[in-house]
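First comes the structure, then the notes that go with it.
Protein chains in written order, with the numbering used here: chain F, 2 to 100; chain R, 69 to 380; chain X, 25 to 71.
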């Protein structure tokens with residue numbers, strides 16, 4: 002009863018370890034490394050992406066997994082923008098104090 | 069002579085336990101000496117926890133007014149800041165570990181506990197203060213050490229603090245002067261309420277002759293790792309969090325400033341000073357973030373000039 | 025490493041750090057300006 006879940010867990014761990022250093026990985030490469038059919042690899046990747054265990058997306062045309070959060074750089078820009086907005090407000094408050 | 073510190077004098081330790089010089093003086097312990105091995109183990113363990121708080125225990129001995137930490141071991145617990153007594157889950161492990169240590173000829177006792185504060189500095193929260201008070205009541209002498217693995221990476225040095233709590237109701241004669249550190253807005257209340265209930269000890273480090281030899285052998289490997297790593301790219305999330313936190317602090321200071329401007333007849337002078345020092349603190353925090361970023365960028369620029377400007 | 029992609033990423037990080045430095049400078053200026061304004065208001069009794 003539990004073999005499938007166990008197999009999925011083991012494959013997940015190996016897959017996560019395999020794709021860690023890469024930003025773009027070919028699905029046939031993963032299938033060769035894990036010794037699994039490509040269709041199963043895609044299904045596994047889809048379930049991991051939906052569970053937020055992998056940050057990335059699948060390019061089905063080129064059979065690629067593009068790993069890495071596209072939004073990663075945006076966080077810093079949003080934070081800097083927030084800082085800038087607050088500085089503007091602070092500057093206006095200080096200017097009002099003069100008047 | 070540098071290895072003599074590793075010698076364990078059971079008679080001397082037993083004498084310390086009998087005399088208990090710390091019982092009458094809450095400020096008795098002033099210093100902590102941590103071995104290179106214990107420091108490495110604690111930092112690696114703290115780093116392995118990522119953004120989750122981890123904890124462990126330290127083994128060592130007492131020497132006058134100093135704790136000497138010889139070794140450390142991790143406990144199988146996580147999220148120590150989210151539970152009142154996370155240590156309780158590892159009680160069986162602690163007892164078994166201590167007993168096994170004695171069997172293999174490891175004579176040092178447990179002298180303290182360490183835990184991590186990933187990204188929010190080295191200080192004791194309310195939960196930590198209660199835990200340490202309990203430890204100091206039943207397991208003296210006991211030390212609390214806090215490590216921030218995230219700031220360790222971004223600052224380029226180990227962010228570590230060693231603390232002991234005062235008994236409840238005790239008023240220290242002098243206000244302890246502590247080094248300024250940036251505290252995130254979400255933790256600032258917890259920090260402020262309890263900061264006077266404990267004091268920090270001075271930390272120094274020591275290593276054996278074998279440690280020296282091994283570290284010398286690893287010198288090249290260290291430099292290869294340092295040159296090939298890029299904390300500027302790896303600490304993006306942490307920096308984004310710090311900048312966001314700074315923006316929130318500015319918002320808070322700005323709203324208080326606006327209110328003080330409107331009610332300036334009523335506001336007492338002390339409160340005005342508090343608001344001013346808030347802005348000064350924000351300036352200091354922003355300078356700290358900038359300096360860290362500039363240092364990291366400098367290393368990138370130097371590496372680029374050194375390694376990418378070589379023309380064949 | 026000599027590639028356009030590396031230069032792009034490298035200069036992006038460079039610009040981000042310069043921007044952070046710029047904003048920190050502005051924050052420092054705002055704080056100093058606030059102190060000056062307070063002293064000015066106190067000296068000339070303007071509330």
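Every residue gets a Cβ at the ideal spot worked out from N, C-alpha and C, and that includes glycine.
Min CB distance residue i to chain F below 9 Å
i, result
"residue 51(X)", "yes"
"residue 27(X)", "no"
"residue 99(X)", "Residue 99(X) is absent from the structure shown; chain X starts at 25 and stops at 71."
"residue 360(R)", "no"
"residue 35(X)", "no"
"residue 364(R)", "no"
"residue 315(R)", "yes"
"residue 227(R)", "no"
Below-9 Å beta-carbon distance, residue i vs any chain X residue
i, result
"residue 355(R)", "yes"
"residue 351(R)", "yes"
"residue 23(F)", "no"
"residue 81(F)", "yes"
"residue 295(R)", "no"
"residue 369(R)", "yes"
"residue 318(R)", "yes"
"residue 218(R)", "no"
"residue 374(R)", "no"
Closest by C-alpha distance to residue i, when choosing among the options
i, options, result
"residue 302(R)", "255(R), 251(R), 365(R), 250(R)", "365(R)"
"residue 160(R)", "144(R), 236(R), 262(R)", "144(R)"
"residue 40(X)", "5(F), 80(F), 7(F), 90(F)", "80(F)"
"residue 296(R)", "236(R), 368(R), 232(R), 132(R)", "368(R)"
"residue 139(R)", "106(R), 120(R), 210(R), 378(R)", "106(R)"
"residue 352(R)", "327(R), 322(R), 371(R), 251(R)", "251(R)"
"residue 210(R)", "300(R), 129(R), 305(R), 219(R)", "129(R)"
"residue 265(R)", "271(R), 241(R), 281(R), 284(R)", "241(R)"
"residue 90(R)", "181(R), 204(R), 215(R)", "204(R)"
"residue 136(R)", "167(R), 176(R), 88(R), 116(R)", "176(R)"
"residue 208(R)", "99(R), 180(R), 326(R)", "180(R)"
"residue 256(R)", "166(R), 212(R), 70(R), 314(R)", "314(R)"
"residue 44(F)", "95(F), 3(F), 33(F), 13(F)", "13(F)"
"residue 133(R)", "81(R), 115(R), 377(R), 290(R)", "81(R)"
"residue 86(F)", "322(R), 361(R), 349(R)", "322(R)"
"residue 70(R)", "192(R), 229(R), 326(R), 274(R)", "274(R)"
"residue 347(R)", "50(X), 66(X), 28(X), 65(X)", "50(X)"
"residue 185(R)", "88(R), 215(R), 359(R)", "215(R)"
"residue 194(R)", "271(R), 99(R), 141(R), 233(R)", "233(R)"
"residue 199(R)", "231(R), 84(R), 363(R)", "231(R)"
"residue 109(R)", "224(R), 94(R), 127(R), 361(R)", "127(R)"
"residue 93(F)", "258(R), 247(R), 326(R)", "326(R)"
Residue-level contact to chain R via CB, residue i, 9 Å cutoff
i, result
"residue 68(X)", "no"
"residue 64(X)", "no"
"residue 40(X)", "yes"
One or two residues paired with residue i in a DSSP bridge
i, result
"residue 56(F)", "Answer is none; residue 56(F) lacks a bridge partner."
"residue 227(R)", "216(R)"
"residue 139(R)", "127(R)"
"residue 271(R)", "100(R)"
"residue 181(R)", "125(R), 212(R)"
"residue 66(F)", "26(F), 59(F)"
"residue 43(R)", "This structure cannot settle anything about residue 43(R), because the visible part of chain R is limited to 69 through 380."
"residue 233(R)", "266(R)"
"residue 134(R)", "99(R), 131(R)"
"residue 146(R)", "122(R)"
Residue burial classification, residue i (beta-carbon count within 10 angstroms, cutoff 16)
i, result
"residue 190(R)", "buried"
"residue 98(F)", "buried"
"residue 299(R)", "buried"
"residue 53(F)", "exposed"
"residue 60(X)", "exposed"
"residue 44(X)", "buried"
"residue 24(F)", "exposed"
"residue 68(X)", "exposed"
"residue 117(R)", "buried"
"residue 317(R)", "buried"
"residue 33(X)", "exposed"
"residue 381(R)", "With chain R running from 69 to 380 in the structure shown, residue 381(R) is simply not present."
"residue 36(F)", "exposed"
"residue 294(R)", "exposed"
"residue 114(R)", "buried"
"residue 217(R)", "buried"
"residue 79(R)", "exposed"
Against chain X, which members of the region 49-77 of chain F pass a CB distance test of less than 7 Å?
Taking 7 Å as the cut-off between beta carbons, the residues of the region 49-77 of chain F near chain X are 77, in sequence order.
If the cut-off is 9 Å on Cβ atoms, which residues from the region 3-20 of chain F count as contacting chain R, listed in chain order?
For the region 3-20 of chain F, the set of positions with a beta-carbon nearer than 9 Å to some beta-carbon of chain R is empty.
Of the residues that make up the region 297-311 of chain R, which ones have a beta carbon closer than 9 Å to any beta carbon in chain F?
Here the close residues are 304, 305, 307, 308, 309, 310, 311.
What are the residues in the region 253-268 of chain R lying within 9 Å of chain X by C-beta distance?
Along the region 253-268 of chain R, none of the residues has a CB nearer than 9 Å to a CB of chain X.
In the region 86-99 of chain F, which residues sit with their C-beta less than 8 Å from some C-beta in chain R, listed in chain order?
Only 86, 87, 88, 90, 91, 94, 95, 97, 98 from the region 86-99 of chain F bring a Cβ to less than 8 Å from some Cβ of chain R.
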